[in-house]
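Colleague: First, the structure itself, so that you have it in front of you.
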Amino acid sequence: MIVAEKAKLGAKVEELTTDMSSKDDRIDVMCQHLHQLQMEHVKLMDITEGERKMGEELRSRAKELETTIKQQEEIIREGVGIFGY
13 MIVAEKAKLG AKVEELTTDM SSKDDRIDVM CQHLHQLQME HVKLMDITEG ERKMGEELRS
73 RAKELETTIK QQEEIIREGV GIFGY
């Protein structure tokens, strides 16, 4: 009876050890995947920041060009006024 129980418990220990090993392997795979996702996140954040800065620069440049156009329009109006057109 004791031998049978010992064998049964040994089989259960083996089953649990195998299950634990399988779960450890799955955890390792998930950790690797999580690391890859974190690296991709950092890369995307860098790209996003670069795009945000580029957008700010383009808006600033557009405002500069609008100001230049207004100044040129004023110069043209003044020129037309001088020549009586």
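According to our numbering, the stretch in the sequence shown is residues 13 to 97, in order.
For glycine and all other residues, C-beta sits at the position ideal for the given N, C-alpha and C.
State the Cα-Cα distance for the pair Gln50 and Gln84, rounded to the nearest angstrom.
Modeller: Here residue 50 corresponds to residue number 38 of the sequence shown, with the count starting at 1. Here residue 84 corresponds to residue number 72 of the sequence shown, with the count starting at 1. Their backbone Cα atoms lie some 51 Å apart in a straight line.
Colleague: Give me the Cα-Cα distance between Thr29 and Gly22, rounded to the nearest whole angstrom.
Modeller: The residue labelled residue 29 in the question sits at position 17 within the sequence shown. The residue labelled residue 22 in the question sits at position 10 within the sequence shown. Distance between the alpha carbons of Thr29 and Gly22: 10 Å.
Colleague: Identify whether Met13 lies in helix, strand or coil by the three-state DSSP scheme.
Modeller: Residue numbering aside, residue 13 sits at position 1 when the sequence shown is read from its first letter. In this structure, Met13 counts as coil in the three-state DSSP scheme.
Colleague: How many Å lie between Ser34 and Met57 at the Cα?
Modeller: Indexing the sequence shown from 1 puts residue 34 at position 22. Indexing the sequence shown from 1 puts residue 57 at position 45. If you take the alpha carbons of Ser34 and Met57, they lie about 35 Å apart.
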